[in-house]
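Scroll down for the structure; my scribbles are underneath it.
Protein chains: 2
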Amino acid sequence: MISEHVRATLINIVGLENYEDSPAERLVYSYDATPQFQSMPDAVISPRHTKDVSDILKICSEHRVPIVPRGSGTNLCAGTCPTQGGIVMLFKHMQQILEIDEENLTVTLQPGVITLEMIEAVEAKGLFYPPDPSSMKISTIGGNINENSGGLRGLKYGVTRDYVIGLEIVLPNGDIIRTGGKLAKDVAGYDLTRLFIGSEGTLGVITEATLKLIPMPETKKTILALYQDIEAAAKSVSTIIANKIIPTTLEFLDQPTLVVVEDFARIGLPTNVKAVLLIEQDGPLQVVERDIQKIAELCKSEHAVSVEVAQSDEHAEALRTARRSALSALARLKPTTILEDATVPRSEIAKMVQAISDIAEKYDVKICTFGHAGDGNLHPTCPTDVRDQEEIHRVEQAFAEIFEKSIELGGTITGEHGVGEMKAPYLELKLGKEGIAAMQAIKQSFDPYNIMNPGKIFAKNERKRVVVTS
Amino acid sequence: MISEHVRATLINIVGLENYEDSPAERLVYSYDATPQFQSMPDAVISPRHTKDVSDILKICSEHRVPIVPRGSGTNLCAGTCPTQGGIVMLFKHMQQILEIDEENLTVTLQPGVITLEMIEAVEAKGLFYPPDPSSMKISTIGGNINENSGGLRGLKYGVTRDYVIGLEIVLPNGDIIRTGGKLAKDVAGYDLTRLFIGSEGTLGVITEATLKLIPMPETKKTILALYQDIEAAAKSVSTIIANKIIPTTLEFLDQPTLVVVEDFARIGLPTNVKAVLLIEQDGPLQVVERDIQKIAELCKSEHAVSVEVAQSDEHAEALRTARRSALSALARLKPTTILEDATVPRSEIAKMVQAISDIAEKYDVKICTFGHAGDGNLHPTCPTDVRDQEEIHRVEQAFAEIFEKSIELGGTITGEHGVGEMKAPYLELKLGKEGIAAMQAIKQSFDPYNIMNPGKIFAKNERKRVVVTS
Numbered sequence: 085m086i087s088e089h090v091r092a093t094l095i096n097i098v099g100l101e102n103y104e105d106s107p108a109e110r111l112v113y114s115y116d117a118t119p120q121f122q123s124m125p126d127a128v129i130s131p132r133h134t135k136d137v138s139d140i141l142k143i144c145s146e147h148r149v150p151i152v153p154r155g156s157g158t159n160l161c162a163g164t165c166p167t168q169g170g171i172v173m174l175f176k177h178m179q180q181i182l183e184i185d186e187e188n189l190t191v192t193l194q195p196g197v198i199t200l201e202m203i204e205a206v207e208a209k210g211l212f213y214p215p216d217p218s219s220m221k222i223s224t225i226g227g228n229i230n231e232n233s234g235g236l237r238g239l240k241y242g243v244t245r246d247y248v249i250g251l252e253i254v255l256p257n258g259d260i261i262r263t264g265g266k267l268a269k270d271v272a273g274y275d276l277t278r279l280f281i282g283s284e285g286t287l288g289v290i291t292e293a294t295l296k297l298i299p300m301p302e303t304k305k306t307i308l309a310l311y312q313d314i315e316a317a318a319k320s321v322s323t324i325i326a327n328k329i330i331p332t333t334l335e336f337l338d339q340p341t342l343v344v345v346e347d348f349a350r351i352g353l354p355t356n357v358k359a360v361l362l363i364e365q366d367g368p369l370q371v372v373e374r375d376i377q378k379i380a381e382l383c384k385s386e387h388a389v390s391v392e393v394a395q396s397d398e399h400a401e402a403l404r405t406a407r408r409s410a411l412s413a414l415a416r417l418k419p420t421t422i423l424e425d426a427t428v429p430r431s432e433i434a435k436m437v438q439a440i441s442d443i444a445e446k447y448d449v450k451i452c453t454f455g456h457a458g459d460g461n462l463h464p465t466c467p468t469d470v471r472d473q474e475e476i477h478r479v480e481q482a483f484a485e486i487f488e489k490s491i492e493l494g495g496t497i498t499g500e501h502g503v504g505e506m507k508a509p510y511l512e513l514k515l516g517k518e519g520i521a522a523m524q525a526i527k528q529s530f531d532p533y534n535i536m537n538p539g540k541i542f543a544k545n546e547r548k549r550v551v552v553t554s
Numbered sequence: 085m086i087s088e089h090v091r092a093t094l095i096n097i098v099g100l101e102n103y104e105d106s107p108a109e110r111l112v113y114s115y116d117a118t119p120q121f122q123s124m125p126d127a128v129i130s131p132r133h134t135k136d137v138s139d140i141l142k143i144c145s146e147h148r149v150p151i152v153p154r155g156s157g158t159n160l161c162a163g164t165c166p167t168q169g170g171i172v173m174l175f176k177h178m179q180q181i182l183e184i185d186e187e188n189l190t191v192t193l194q195p196g197v198i199t200l201e202m203i204e205a206v207e208a209k210g211l212f213y214p215p216d217p218s219s220m221k222i223s224t225i226g227g228n229i230n231e232n233s234g235g236l237r238g239l240k241y242g243v244t245r246d247y248v249i250g251l252e253i254v255l256p257n258g259d260i261i262r263t264g265g266k267l268a269k270d271v272a273g274y275d276l277t278r279l280f281i282g283s284e285g286t287l288g289v290i291t292e293a294t295l296k297l298i299p300m301p302e303t304k305k306t307i308l309a310l311y312q313d314i315e316a317a318a319k320s321v322s323t324i325i326a327n328k329i330i331p332t333t334l335e336f337l338d339q340p341t342l343v344v345v346e347d348f349a350r351i352g353l354p355t356n357v358k359a360v361l362l363i364e365q366d367g368p369l370q371v372v373e374r375d376i377q378k379i380a381e382l383c384k385s386e387h388a389v390s391v392e393v394a395q396s397d398e399h400a401e402a403l404r405t406a407r408r409s410a411l412s413a414l415a416r417l418k419p420t421t422i423l424e425d426a427t428v429p430r431s432e433i434a435k436m437v438q439a440i441s442d443i444a445e446k447y448d449v450k451i452c453t454f455g456h457a458g459d460g461n462l463h464p465t466c467p468t469d470v471r472d473q474e475e476i477h478r479v480e481q482a483f484a485e486i487f488e489k490s491i492e493l494g495g496t497i498t499g500e501h502g503v504g505e506m507k508a509p510y511l512e513l514k515l516g517k518e519g520i521a522a523m524q525a526i527k528q529s530f531d532p533y534n535i536m537n538p539g540k541i542f543a544k545n546e547r548k549r550v551v552v553t554s
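In the order they appear, the protein sequences are chains A and B. Position one of the first sequence corresponds to residue 85 (this note's numbering), numbered consecutively onward. Position one of the second sequence corresponds to residue 85 (this note's numbering), numbered consecutively onward.
Structure, rendered in structure tokens:
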């Protein structure tokens, strides 16, 4: 509950038009893209600039009001669900690309900029921002930074973390700090830039970012390798890399995913094979052609039943788009879709795919698996129905076992989605008590009153969730 | 002072042969590569394994004994000088390369491994670890990680931070934690891996690391571009990159540095020009040849008086070796050599070089400038003599003004050397009071008794230095 005094103070900061607490508005921001999580915020606030954010955080600190910074809410870990109430902070007034610097190869922008909009703006200047989360058409850069988003080009180019070189941050006490800059190198003290990347809104609010850009690759080519044996597909992944070729993209889709994606996208994907690899290479033409030819040979040597090079940019784009639509396509199957991102060392992909299949059978649940195989980052996805409590229980048991298996194989509970509230119960599997204690010490030192996105990463629920169906 | 009880306990942990407190041994570890800093430790300890480190840290925490982890002491920020006494920790028993994993492209090793030894071991398998600090022949990986070391290949490939994907760390309370793994992606909580990279031994002790490797580039070529105008050389740097070519290496040396390096290396470097750029590109042959040709054209268009492609691997290696020897060569000029690493956005290199020259003139000190121009990371270097207090005072004023200028140009006080004790007084220029407070909060949360390398990054001297000449 927000007191009348706090409400008036916040309205005084941002103006009446930027503070909403009608039931309708609150309902809109009571959930994000994560199934099974919903909780009403007390209000929704839209700061106009950094100073507003600072003033808001001072008030929230003083009065212990939770603040949940939110981009487009596309995360899949309940990272922006206001599970302990409080105020959802939106960035609709902070959506400017401030500068594209062609000499230093940087873009400086506000957190509310849509990822794809920035990518298109820099590509118009022949520059390239590689991280391309599947949600990039609607996700914001602020959200990408807070979640350290991955994407389809991570194998060769890395993730969001590898491109953020400077931040303006408002700390919970209202202090405004700047980290890094247009600098290739900076070792002036601890790496606060990377500490905030992936911190899921639990340490402060990012109000500006400077991103590193690279020259646009000259060309790219796409191939689709088909397999009647999942293990052969998985083996191809490590064979390609062990042969010292790092493709831009190395995606895996199993048969159940293929069937659903083809039904959604209708681009002629094969549905009669057990698995496909979607592989892309970019760079100078000669190198791309040579690599693609070698990749095709390696896939054949690992028993691909067919290897097809996309014959046009349109065809390649259709394949990529189909892959990006996997979640949307799977979401059509059942009322609820639970998508995970257990991640293992690349060499363990075959074992992990097999384990997922065994676990699905054991708990009698349907799990479709696709993902960034080159990164060892799989997305086992379960179409289910939260109203069927008995099935949901089995689904949750299956995913718990999947997380355990990925840890056993030297992996992690999340490769790119974040912990949020959804995976908080599993964090100890990866970090141990000591690792969690170290992270909690950081949280405590930045946010002693636990106002920043409380309940995420560590804490257990204190407020009962409103369970809804999608 | 270490009490007899603590001494006996520590000897009990590591064995008498691994605990040294003779005056001779203490003297050896009373300084590092940084001029003007010396302070006697109370003892020197050599743990045999992680468990020893944990036991030592528990004792030191309990009894508030400072611990200074030290690799080869090649840092240039007084980062391993035991300025508040206590115990210097060596890693001579932790020098194993534990595994080179050719499927996941990783190397796992102990902190005491010499950088070059690891690089040669992975290159023997066709793999590549890009960070190549000039000290790599003697520096250790543990030291590289604690300082987030750069090198000559940073422009294209990044720095140590970009290659460390997993750590085993002993916290000051003795807890052993593991971060990351053989994983391309991991977002399970805060990025402790990167928090520890560059933390200068102030948060805990790194006892094992997993590093990412990449395929060895197929070939490389080297060119030397000569200029009679420093600004033209600096302008060439941004022109090359604005033309969307990212060379592996883009080094700058001014005339005073050239003269000294040639006198040292005797490889026929030109000494009658105002500046040179040493530029390398690596990758597939066609791409390298094309890039090198384009770079040569761009340098000429920016008024290089000569552009020469190294005609053999031996010649290229001689040029690189000469560049790496710059500090050693400059150190022959005067009893004391102060080498700094002010860093600016690449576009500001010309202004920064000019400013350094103006400042040197203003304070009547000799400053030779060289460095990683592509990274905006310059090494203004002053040959001086600490016994000449009047000159040293002018040198310190000059460097203070250089740091201020680099901040004014959007830069930082250190690009790759770290803060240590040497640059602690300047940290606020970059971070502001609020940024320092945020970092101190982290330090306090990990190390409440301030046992880990106290006096570094933040604090002021509490113990008087013993000033010595080199």
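By construction, the Cβ of each residue, glycine as well, lies at the ideal position given by its N, Cα and C atoms.
Query raised in the report: Where do the ends of the alpha helix (DSSP H) carrying A/H89 lie?
Result: E88 to V98
Query raised in the report: Start and end of the alpha helix (DSSP H) containing A/G519?
Result: L511 to F530
Requested in this report: Run through the segment 354 to 406 of chain A for me and flag every whole alpha helix (DSSP H) of 4 or more residues, listed as ranges in chain order.
Outcome: 369 to 385
Query raised in the report: Mapping DSSP to helix, strand and coil, what is A/R471?
Result: coil
**Report entry** Simplified DSSP assignment, three categories, for A/G250
**Finding:** strand
Query raised in the report: Can you find a C-beta in chain B that's less than 8 Å from the C-beta of A/Y247?
Result: no
Query - Buried or exposed (CB count within 10 angstroms, at least 16 for buried), A/M85 - result: exposed
Report task. Keeping to the same chain, check which residues put their C-beta closer than 7 Å to that of B/M300; ignore five residues upstream and five downstream. Result -> E207, G210, L211 and F212
Query raised in the report: For A/R549 and chain B, any beta-carbon pair shorter than 8 Å?
Result: Only weak support exists for where A/R549 lies, its pLDDT of 37 falling under 50; the value from the coordinates is given anyway. No, A/R549 does not count as interfacial toward chain B.
Requested in this report: Output yes if chain A places a C-beta closer than 8 Å to the C-beta of B/G265; else output no.
Outcome: yes
Requested in this report: Return no unless some Cβ of chain B is closer than 8 Å to the Cβ of A/G498.
Outcome: One point to set straight first is that residue 498 of chain A is Thr, not Gly, in the sequence displayed. Yes - at least one Cβ of chain B is within 8 Å of the one on A/T498.
Query raised in the report: Cβ of A/T277 within 8 Å of Cβ of A/V248?
Result: yes
Query raised in the report: Which partner residues does A/E183 have in the DSSP bridge list?
Result: A/T192
Query raised in the report: If we ignore side chains and look at the alpha-carbon of each, how far apart do B/P449 and B/H477 end up?
Result: Before going on, a small fix: residue 449 of chain B reads as Val here, not Pro. Answer to the nearest angstrom: the Cα atoms are 10 Å apart.
**Report entry** Member of B/P119, B/K176 and B/T192 whose CA lies at the smallest distance from the CA of B/A162
**Finding:** B/P119
Requested in this report: Residues of the segment 413 to 433 of chain A with a CB closer than 7 Å to any CB of chain B: list them in chain order, please.
Outcome: T427, P429, R430 and S431
Requested in this report: Would you mind working out which of B/Y115, B/P107, B/P125 and B/P131 sits nearest B/L94, comparing C-alpha positions?
Outcome: B/P131
Query raised in the report: Going along the chain, which residues of its own chain have a beta-carbon closer than 6 Å to the beta-carbon of A/Y113, five neighbours each way excluded?
Result: P125, V128 and V172
Query - Cβ-based contacts, 8 Å cut-off: residues of the segment 273 to 284 of chain A near chain B - result: G273, Y274, D275, L276, R278, L279, I281, G282 and S283
Report task. Can you have a look at A/V551 and say buried or exposed, based on whether 16 or more other CB atoms are within 10 angstroms of its CB? Result -> Because A/V551 sits at a pLDDT of 38, beneath the cut-off of 50, its placement in the model cannot be relied upon, and the point is left open.
Query raised in the report: Can you tell me whether DSSP reads A/P119 as helix, strand or coil?
Result: coil
Query raised in the report: Any idea if A/P150 is buried or exposed, counting beta-carbon neighbours within 10 angstroms, 16 or more meaning buried?
Result: buried
Query raised in the report: So which of B/Q365, B/L361, B/P467 and B/D397 has the shortest CA-CA distance to B/H387?
Result: B/L361
Query raised in the report: With DSSP run on the structure shown, which of helix, strand or coil describes A/G264?
Result: strand
Query - Contact belief for A/I290 with A/G226 at Cβ below 8 Å, rounded distance in angstroms - result: 6 Å
Query raised in the report: Looking only at DSSP bridge pairs, what is A/D338 linked to?
Result: A/A359
Query raised in the report: Using the beta-carbon count (16 or more within 10 Å), is B/Y414 buried or exposed?
Result: The identity of residue 414 of chain B in the sequence shown is Leu, whereas the question assumes Tyr. Per the 10 Å Cβ criterion, buried.
Query raised in the report: Are the C-beta of B/G99 and some C-beta of chain A separated by less than 8 Å?
Result: no
Report task. Return the bridge partner residues of A/K319 from the DSSP annotation. Result -> None, per the DSSP bridge assignment.
Query raised in the report: What does a CB cutoff of less than 8 Å around B/T355 pick up in its chain, not counting 5 residues either side in sequence?
Result: Q339, L342, V343 and E346
Query raised in the report: Using the beta-carbon of each residue, which ones in chain B are nearer than 8 Å to A/A522?
Result: L255, D259, I261, L276 and F530
Requested in this report: Determine, using beta carbons only, whether B/A326 and A/E186 come nearer to each other than 8 Å.
Outcome: yes
Query - At least three beta-carbon pairs within less than 8 Å, the segment 490 to 501 of chain A to the segment 431 to 445 of chain A - result: yes
Query raised in the report: From the DSSP output, which residues share a beta bridge with B/M536?
Result: B/I151
Query raised in the report: Does the beta-carbon of A/T553 have 16 or more other beta-carbons within 10 angstroms, so that it is buried, or is it exposed?
Result: Confidence is the limiting factor: at A/T553 the pLDDT is only 36, short of 50, which leaves the residue's position unreliable and the question unanswerable from this model.
Query raised in the report: Is any beta-carbon of chain B found at less than 8 Å from that of A/N232?
Result: yes
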